[in-house]
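A.B. asks: One structure follows; several queries about it will come next.
There are 2 protein chains.
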Amino acid sequence: MMSRNKPDTRTKILESTWRLLESTTGDDVRMSDIAKEAGVSRQALYLHFPNRVDLLIATTRYLDEVKNIDARLAASRSATTGLTRLDAFIEAWGNYIPEIFGVAAALLAMQDKDPAAKEAWSNRMQAVREGCEAAVKALDRDGRLRPELDADKATDLLWTLLMVHNWRQLTVACGWTQEAYVDAMKTLARRMLVCET
Amino acid sequence: MMSRNKPDTRTKILESTWRLLESTTGDDVRMSDIAKEAGVSRQALYLHFPNRVDLLIATTRYLDEVKNIDARLAASRSATTGLTRLDAFIEAWGNYIPEIFGVAAALLAMQDKDPAAKEAWSNRMQAVREGCEAAVKALDRDGRLRPELDADKATDLLWTLLMVHNWRQLTVACGWTQEAYVDAMKTLARRMLVCET
DNA sequence: TCCTGACTTGACACGATGTAAAGTTGACAT
DNA sequence: ATGTCAACTTTACATCGTGTCAAGTCAGGA
Numbered sequence: 001m002m003s004r005n006k007p008d009t010r011t012k013i014l015e016s017t018w019r020l021l022e023s024t025t026g027d028d029v030r031m032s033d034i035a036k037e038a039g040v041s042r043q044a045l046y047l048h049f050p051n052r053v054d055l056l057i058a059t060t061r062y063l064d065e066v067k068n069i070d071a072r073l074a075a076s077r078s079a080t081t082g083l084t085r086l087d088a089f090i091e092a093w094g095n096y097i098p099e100i101f102g103v104a105a106a107l108l109a110m111q112d113k114d115p116a117a118k119e120a121w122s123n124r125m126q127a128v129r130e131g132c133e134a135a136v137k138a139l140d141r142d143g144r145l146r147p148e149l150d151a152d153k154a155t156d157l158l159w160t161l162l163m164v165h166n167w168r169q170l171t172v173a174c175g176w177t178q179e180a181y182v183d184a185m186k187t188l189a190r191r192m193l194v195c196e197t
Numbered sequence: 001m002m003s004r005n006k007p008d009t010r011t012k013i014l015e016s017t018w019r020l021l022e023s024t025t026g027d028d029v030r031m032s033d034i035a036k037e038a039g040v041s042r043q044a045l046y047l048h049f050p051n052r053v054d055l056l057i058a059t060t061r062y063l064d065e066v067k068n069i070d071a072r073l074a075a076s077r078s079a080t081t082g083l084t085r086l087d088a089f090i091e092a093w094g095n096y097i098p099e100i101f102g103v104a105a106a107l108l109a110m111q112d113k114d115p116a117a118k119e120a121w122s123n124r125m126q127a128v129r130e131g132c133e134a135a136v137k138a139l140d141r142d143g144r145l146r147p148e149l150d151a152d153k154a155t156d157l158l159w160t161l162l163m164v165h166n167w168r169q170l171t172v173a174c175g176w177t178q179e180a181y182v183d184a185m186k187t188l189a190r191r192m193l194v195c196e197t
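This is how it looks when you write it as structure tokens:
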């Protein structure tokens, strides 16, 4: 069958979009830029995607598919104790962020302007939240969740801690290395959520 | 003299901009909207401000002036111990955020698109960073800063913790009350930065 | 041979920002 | 009263990016 073996203009467009979003920081990526990069007419974009927002959203989905985020996050679920699970989740997600940052930033920038972008981003973040919730519950099951926190509040806190904005601030703005970032998040998460033995 | 007693179109414009930014979430505030709100022609805006970005930046400065943020943050410096100083700073800044959020969000939304907006926002945040740094140093002077943290890293962490994005996430997205937010930030800051006695 | 689907070409409407130029108005000095 | 000046209005227009429309090209398959 090799159903996806054609020149596959759609894929070319998605990869060009991705490439441009990664290289140029910001959303100064115009439809015509993407078309030129893909070696295709501007109108061809509209044959595959109804508008700019949907194209960018499709790009993030393509990215998730290629990078296989779900599998990576799911891996953290195999950890036995709540603590190792928390660490594994933070490591999986924390190391995923830099790979998607270019595209994520573009989607983030459109959030206030475009409801569809907001929706798309909030869907992706919901997946992260579920990971946070699972880690918190594992912690709770082990009796290691701080007693003054209920699972919801703890999830809110962990979710907030792991937001892309915080990654950006520490690594891009403050110049931390990726390792320093991940280590700090692990430490902070423990201090926030975990009680003494 | 009453030098500011004229109809003062400039002020009318600034206040209209402020009002609109607060009411409508996002940057769907057009120049013509502002003009209508101020009861003035669209062109009058360009007599007072060279372009949209500069108008929005001027609005944040006007806001800071009216709300007197500098005085409020400075108040936290009078605290005697490092710990009370940390608390006072978090309380001053944390309670300031909701007052400026409408305008801040608009400026934030333009960041990736407009270098001037980026610059303006980063200037404001630099003031916050200085407050963080002062609190961290006071803590250090008391010997209460965690030994594994140097002052720079500690400042980076506190600064990141107190970002507007995190406030937004916890209050707007997660539905926390303002008090819950401030309390959580105080607790987290202590756990992050302060070592046992 | 004809048809069809994918893509191109060129033109255009729309909405927002920003510029330009000429007209109005009211205060104030002489 | 007259002239002038500054602030503001009105109208018109250039520009830029998105999205739409319609007609044309072209390869491959029944």
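As they're listed, the protein sequences go chains A and B. No gaps in the numbering here: position 75 of the first sequence is 75 in full-length UniProt numbering, and each next residue is one more. No gaps in the numbering here: position 157 of the second sequence is 157 in full-length UniProt numbering, and each next residue is one more. Note that CB positions come from ideal geometry on N, CA and C, so glycine has one too.
1) Can you give me the C-alpha to C-alpha distance between Asp-150(B) and Val-164(B), rounded to a whole angstrom?
2) Have a look at Cys-174(A) and Asp-33(A) and give me their C-alpha separation to the nearest angstrom.
3) Of all the alpha helix (DSSP H) runs that stay within the bounds of the stretch 10 to 44 of chain B, which reach a length of 4 or more residues?
4) Going by DSSP in three states, Leu-145(A) sits in which element: helix, strand or coil?
5) Determine whether the beta carbon atoms of Leu-188(A) and Arg-146(A) lie at a separation below 8 Å.
6) Listed in chain order, which residues of the stretch 108 to 133 of chain A have Cβ atoms closer than 7 Å to some Cβ of chain B?
7) What separation, rounded to the nearest whole angstrom, lies between the Cα atoms of Arg-168(B) and Leu-86(B)?
8) What does His-165(B) reach in chain A if we use C-beta pairs closer than 7 Å?
9) By the 10 Å Cβ neighbour count, where 16 or more other Cβ atoms means buried, how is Asn-166(B) classified, buried or exposed?
10) Tell me where the alpha helix (DSSP H) around Trp-93(A) begins and ends.
11) Under DSSP, the alpha helix (DSSP H) around Gln-169(B) begins and ends at which residues?
12) What residue from Asn-95(A), Leu-108(A), Gly-82(A), Ala-116(A) has the CA that sits closest to Ala-135(A)'s CA?
13) Are there 16 or more other CB atoms within 10 angstroms of the CB of Arg-129(B), so buried, or fewer, so exposed?
14) What residues of chain B sit near Arg-191(A), judged by a beta carbon separation below 7 Å?
15) Among residues of its own chain, excluding the 5 on either side of Glu-99(A), which ones have a beta-carbon nearer than 7 Å to its beta-carbon?
16) Considering only the alpha carbon of each residue, which of Arg-30(B), Lys-36(B), Ser-78(B), Val-172(B) lies closest to Asp-156(A)?
17) Could one say the Cβ of Thr-197(A) lies closer than 8 Å to chain B's Cβ atoms, at least one of them?
18) Please return the same chain residues whose Cβ sits closer than 7 Å to the Cβ of Leu-63(A), not counting the five positions on each side in sequence.
19) So, at 7 Å on beta carbons, what are the nonlocal neighbours of Leu-45(A) in its own chain, with the 5 sequence-adjacent residues on each side left out?
20) Would a check of beta-carbon distances place Ala-184(A) closer than 8 Å to chain B?
21) Just checking my contact of Ala-79(B) with Ala-88(B) at CB under 8 Å: how many whole Å lie between their CB atoms?
C.D. replies: A quick look at the data gives this:
1) 24 Å
2) 31 Å
3) 31 to 38
4) strand
5) no
6) Ala-109, Asp-112, Lys-113
7) 21 Å
8) Met-163, His-165
9) buried
10) 82 to 110
11) Unbroken run through Gln-169(B): none, as it is neither H nor E.
12) Gly-82(A)
13) buried
14) Arg-191, Met-192
15) Lys-67
16) Val-172(B)
17) no
18) Trp-18, Ile-100, Val-103
19) Ile-13, Met-31, Ile-34, Ala-35, Leu-55
20) yes
21) 5 Å
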